[in-house]
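K.L.:
Number of protein chains: 2
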Amino acid sequence: MASLTALKSRLADLNALDSALSILDWDQQVLMPPKAVEARAAHSSALGRMRHELLTSDETLRLIESSKSEVDTASVDGALLRVVSRMADLATKIPAALVAEKYKLASEGHEAWVEARKANDFPKFAPILERMFEIAREEANYLGYKEHIYDALLDQFEEGATKADCDRMFGEVRQPLVDLVREIKEAGHDFDDHFLNGDWDEAKQRSFTERLVAAIGFDMARGRQDTAPHPFCTNFSISDVRLTTRFKSYLPSAIFGSLHEAGHGMYEQGSPMEWDRTYLAGGVSLGLHESQSRLWENIVGRSFAFWRYFLHELQAIFPPIAAFGAEQFYRMINRVEPSLIRVEADEVTYNLHILIRFEIECAILTGELAVKDLPEAWNAKYQSYLGILPPTDSDGCLQDVHWSMGAIGYFPTYSMGNLLSYQIWSALKKDIPNPDDLMARGEFGPIHEWLRTKIYAQGKRFPPKDLVLSVTGKPMGGVDYIEGIGAKYRSLYGI
Amino acid sequence: MASLTALKSRLADLNALDSALSILDWDQQVLMPPKAVEARAAHSSALGRMRHELLTSDETLRLIESSKSEVDTASVDGALLRVVSRMADLATKIPAALVAEKYKLASEGHEAWVEARKANDFPKFAPILERMFEIAREEANYLGYKEHIYDALLDQFEEGATKADCDRMFGEVRQPLVDLVREIKEAGHDFDDHFLNGDWDEAKQRSFTERLVAAIGFDMARGRQDTAPHPFCTNFSISDVRLTTRFKSYLPSAIFGSLHEAGHGMYEQGSPMEWDRTYLAGGVSLGLHESQSRLWENIVGRSFAFWRYFLHELQAIFPPIAAFGAEQFYRMINRVEPSLIRVEADEVTYNLHILIRFEIECAILTGELAVKDLPEAWNAKYQSYLGILPPTDSDGCLQDVHWSMGAIGYFPTYSMGNLLSYQIWSALKKDIPNPDDLMARGEFGPIHEWLRTKIYAQGKRFPPKDLVLSVTGKPMGGVDYIEGIGAKYRSLYGI
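Protein chains in written order, with the numbering used here: chain A, 1 to 495; chain B, 1001 to 1495.
#1: Please classify N1351(B) as buried or exposed, where buried requires at least 16 neighbouring CB atoms within 10 angstroms.
#2: Just to make sure I have the definition right: I need the residues of chain A whose C-beta is within less than 7 angstroms of the C-beta of K1035(B). Which are they?
#3: So what's N1298(B) in DSSP terms, helix, strand or just coil?
#4: Tell me which residues share the same chain as L1374(B) and place their Cβ nearer than 8 angstroms to its Cβ, disregarding the 5 neighbours each side in the sequence.
#5: Name, please, each residue of chain A whose Cβ falls closer than 7 angstroms to the Cβ of S1019(B).
#6: Got a sec: is the Cβ-Cβ distance from L1047(B) to anything in chain A below 8 angstroms?
#7: Can you tell me the Cα-Cα spacing of S1239(B) and M1266(B), whole angstroms?
#8: Residues in the same chain with beta-carbon distance under 8 angstroms from V83(A), minus the five sequence neighbours each way, listed in chain order, please.
#9: Check whether the segment 1474 to 1484 of chain B touches the segment 1091 to 1111 of chain B, counting contact only when three or more Cβ pairs, one atom from each stretch, lie closer than 8 angstroms.
#10: Three-state secondary structure (DSSP) at F411(A)?
#11: Determine, using beta carbons only, whether R1010(B) comes closer than 8 angstroms to chain E.
#12: For chain A, find out if any of its Cβ atoms is closer than 8 angstroms to the Cβ of D1027(B); answer yes or no.
#13: Could you tell me the alpha carbon to alpha carbon distance between L1047(B) and L4(A), rounded to whole angstroms?
#14: Tell me whether Q399(A) sits in a helix, a strand or coil according to DSSP, three-state version.
#15: Counting only beta-carbon separations shorter than 8 angstroms, does L1024(B) have a partner in chain A?
#16: What whole-angstrom Cβ distance do H260(A) and W296(A) have, given they're in contact under 8 angstroms?
#17: Does any residue of chain A have a CB that is nearer than 8 angstroms to the CB of L1276(B)?
#18: Is Y1385(B) closer than 8 angstroms to L1355(B) when the C-beta atoms are compared?
#19: Contact criterion: CB-CB distance below 8 angstroms. Does M132(A) meet it with respect to chain B?
#20: Among residues of its own chain, excluding the 5 on either side of S1426(B), which ones have a beta-carbon nearer than 6 angstroms to its beta-carbon?
#21: For a contact defined as C-beta to C-beta under 9 angstroms, what are the partners of D1013(B) on chain A?
#22: Between the Cα of R51(A) and the Cα atoms of A41(A), L21(A), A164(A), V71(A), which residue gives the shortest distance?
#23: Identify which residue in G1445(B), S1107(B), V1371(B), R1342(B) has its Cα closest to the Cα of Y1395(B).
#24: Measure how close the beta-carbons of A995(B) and D1431(B) come, nearest whole angstrom, since I'm counting them as under 8 angstroms.
#25: Would the segment 299 to 316 of chain A count as touching the segment 325 to 338 of chain A if we require 3 or more Cβ pairs under 8 angstroms?
#26: Should Q423(A) be labelled buried (16 or more other beta-carbon atoms within 10 Å of its own) or exposed?
#27: For the segment 92 to 115 of chain A, which residues have a CB atom closer than 9 angstroms to at least one CB atom of chain B, in sequence order?
#28: Mind checking who G223(A) pairs with in its DSSP beta bridge?
#29: Can the beta-carbon of A961(B) be found less than 8 angstroms from the beta-carbon of L1063(B)?
#30: With three or more C-beta pairs closer than 8 angstroms as the rule, is the segment 1020 to 1037 of chain B touching the segment 1249 to 1258 of chain B?
#31: Using only CA atoms, which one of K465(A), I495(A), D400(A) lies nearest to G287(A)?
#32: Using the beta-carbon of each residue, which ones in chain B are nearer than 7 angstroms to M32(A)?
#33: Step through the CB atoms of chain A and report whether any lies within less than 8 angstroms of the CB of A1214(B).
#34: Of all the alpha helix (DSSP H) runs that stay within the bounds of the segment 279 to 355 of chain A, which reach a length of 4 or more residues?
#35: If you run the structure through DSSP and keep just helix, strand and coil, what is Y1385(B)?
#36: If you draw a straight line from the C-alpha of M1087(B) to the C-alpha of C1233(B), how long is it?
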């Protein structure tokens, strides 16, 4: 095992660099003083280069190859080799010059996007976006794919996922979702939630959200929660997981934001400790990760049972909330309304926003759609799927940061997360038939433990598709999701 | 300049690793969740090893040597080479095995020290301390010295300083300080400061201390203040300087702690921006650094003029303080009382605590004093210099963390800081004859600007002794210090 031992020692160094890069980024988003940007960028860039050089060095690649004969592919060490081979592959296949150009364009692209969105000036942003899609095409060609160019890009974020998977997944949910949105609209109820806006004390919001995330199982001795303008979750080791949230005048914003990030965080905290600082620890893919954030945010956090237990605590902290009973509160936090902006979308309409982006990405990559015609295509799809028309491109095709940064092929992982959250929940209910009863008593331990054992404790040991199959007994699909939200929202809206 | 250019590029990578190590340490002291200790230690150790390997690699050493022929020693690049040569020298002269043993012993030593202090059991700690002093002797022999073994150790913390310098410095202050302490005791005034203990709101302490450090010139856009159990200052770049403070029931604790760390912080912020991420940026030595923290804490912060300006603000925030006029408040914050514990010592007695440690370090290193006899020697010196006798070793020779960590030869830099603060202030008064008038109007700009130009903007360009000579016109000594505190405290105590 000489090669494997030497490889593991290099991977420990790589992990130290990764952890340092993560903390530099976390600090930048959470605490860093404004004028420190330039030096921080230089430090991150130098460490990132050292990381890349270490991962792609001849010696590392040689050790990966020679270790393969030393281990059984079905063993834990075999899984480690699979994960690390893939990391090295992704890092070596794309030429350094293209990576550098993308980096530079992403930086310029981000600024151009901010300006274009502010000025509602899509044509100004279009040339950069066009080059970004060209780079994505070149990347896909270097990465290689069997069926569709999209496969190569999507695989970077969700190992093994293809356009065909997305077509099947969206095929199962597209029409049922469009129908459900229409039915809800026709039902004619508006669950007025403007009462949830107020001057809610930040310190109290902080302690209530920390109470919630600890109650569902996030270990505060192995993590913490801070505030950030754009909430996220990151970690520096299995025992150092950082949640962020933000406190706004709309009270549910922090509550569900915290539950969402805690879902990500518990996934990271749940890896076996002996995998700490190896590349087997942590969530296996973006889709699986998002399934956990959405499960805890929506299926648990927006359930009636959850608020039967927690509403009285919230009312004790914020007396104006005592004006509402659990049922009314439950309706307010589950209000459905087709809206223009993805990040503000409710659970029902959210996937339609993603579908639109996915269809557009595919059309641009294959040349069916020209970048200059993006606004029209965007608006037509919003009209068709959501029944609303963006009044400006800023509220339309300029709203997301992703493309400006070159994250093309990323969006579908959000929908995968939504679908998988219900698919996993259905599997959980076979072992725990009464999760609502547990939640109504504030008992989240059995739910957390089921997820920990089945998913969190597996880390990256199995490819995401294998994990989904073993946990839920079937490949990722939309059936459980449509059934779950159909039942919940038809009941809520009296359909 | 091919070698120099290549060297600078390696130094930029070294600086990125240093910055990462600093942020990992800062986070550990300020925010890190308790159970993250083990992984953090592994990450820091891996990055520290990479740093050491990069600094001491054949290629770096070769580039340092070949750059020397490319630059004028009197130039800025010449200064950079001098600083970096010294870094590489210190890092290569001591064999890796001894460094590793010291690291290990420091870790065990710290735990043993914590336990021994708790149990008041010096004999239990003595064997480790004995080995630590042996290691210090070995280190000194590897580092080399001309006159006294202490010179080699002290030089690591204060370039160029020797035992002879310390003897001269302490020779100038020993008897005058002992006399002053006695005179103050005989004067018979006790400036009762127990009123400053209270349940002071933390958020208000925070905002008042941030107001103070910003007022004296700490740039909050290029730094921030957080809390830590043991306050310190660190920085990740010239534009990212982190102060820490702590909020206690004794109100002056946070106020003077914050001013102290801000002194360190302004020194770091004052380097020329073009030196950012090079080894010319930052304070030149521990003694010079401490001169700035002590100048702002004591000469500025504990002056009557300072509180003529700020007391009304403090009184508005904390109404109980309105019971005191500026003169009474000034007396309370300058109360002198010989005490057992260095870190709680006032400005007058502080250097006697350091003198005792310096004399003991020298005696143990030369074999005049055996480690087992340390408690007696310690107590005899406290009786002789401060007129008090430690009732236990925990309040005596077991109080400091330094020796357990192998920091032998470090203590004198605290006294250098105290002496230099007054020596520099005397030089400042030649250009700004009326600093009290400025401070009483809340005008700290001219004082800050003088210090910035003369000291902060010089970074590490000149060796500390040259800098002291050029700024104050003479080598470091105790005359200005004795004159300064003599005048202040004789007036305060009506002597």
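All residues carry an ideal CB built from backbone N, CA and C; glycine is no exception.
P.N.:
This is what the structure holds:
#1: N1351(B) should be labelled buried.
#2: A221, R222, S239, listed in chain order.
#3: Here DSSP, grouped into helix, strand and coil, assigns N1298(B) to helix.
#4: If the five residues before and after L1374(B) are omitted, its C-beta is found closer than 8 angstroms to the C-beta atoms of F1122, A1126, L1129, I1360, I1364, C1397, all from its own chain and listed in chain order.
#5: The answer, in chain order, is H43.
#6: For L1047(B), a Cβ of chain A is located within less than 8 angstroms of the residue's own Cβ.
#7: The alpha-carbon of S1239(B) is positioned some 11 angstroms away from that of M1266(B).
#8: Same-chain partners within the cutoff: Y279, L280, K460.
#9: Touching, no, given that fewer than three Cβ pairs across the two stretches are closer than 8 angstroms.
#10: Coil, per DSSP.
#11: In the structure shown, chain E cannot be found, because the protein chains are A and B.
#12: Answer yes: the Cβ-Cβ gap between D1027(B) and chain A drops below 8 angstroms somewhere.
#13: Straight-line Cα distance between these residues: approximately 21 angstroms.
#14: DSSP places Q399(A) in coil when its eight states are reduced to three.
#15: Cβ-Cβ to chain A under 8 angstroms: yes for L1024(B).
#16: Yes, they are in contact, since the Cβ atoms of H260(A) and W296(A) sit about 7 angstroms apart, within 8 angstroms.
#17: Rather than Leu, the amino acid found at residue 1276(B) in this sequence is Asp. Closer than 8 angstroms to some Cβ of chain A, the Cβ of D1276(B) qualifies, so yes.
#18: In contact: L1355(B) and Y1385(B) (Cβ atoms closer than 8 angstroms).
#19: Answer no: the Cβ-Cβ gap between M132(A) and chain B never drops below 8 angstroms.
#20: Excluding residues up to 5 positions away in sequence, D1480 lie with their Cβ nearer than 6 angstroms to the Cβ of S1426(B) in the same chain.
#21: Neighbours of D1013(B) on chain A, chain order: A46, L47, R49, M50.
#22: The shortest C-alpha to C-alpha distance from R51(A) to any of A41(A), L21(A), A164(A), V71(A) is the one to L21(A).
#23: Before going on, a small fix: residue 1395(B) reads as Asp here, not Tyr. When each option's Cα is compared against that of D1395(B), the closest is R1342(B).
#24: Given a span of 1001 to 1495 for chain B in the structure shown, any question on residue 995(B) remains unanswerable.
#25: Yes, since at least three Cβ pairs between the segment 299 to 316 of chain A and the segment 325 to 338 of chain A fall closer than 8 angstroms, the two stretches touch.
#26: So Q423(A) counts as buried.
#27: Per Cβ criterion, the list is empty.
#28: Per the DSSP secondary-structure output, G223(A) pairs in a beta bridge with V241(A).
#29: The structure shown does not extend to residue 961(B), since chain B is modelled only from 1001 through 1495, so no value can be given for it.
#30: Not touching, per the Cβ criterion.
#31: Checked all of K465(A), I495(A), D400(A); the closest Cα to G287(A) is K465(A).
#32: Below the 7 angstroms Cβ cutoff, chain B contributes D1240 as neighbours of M32(A), in chain order.
#33: Cβ-Cβ to chain A under 8 angstroms: no for A1214(B).
#34: Within the segment 279 to 355 of chain A, the complete alpha helix (DSSP H) runs of at least 4 residues are 286 to 294, 304 to 317, 326 to 332.
#35: Of the three classes helix, strand and coil, the one that applies to Y1385(B) here is helix, per DSSP.
#36: Here the alpha carbon of M1087(B) sits roughly 21 angstroms from the alpha carbon of C1233(B).
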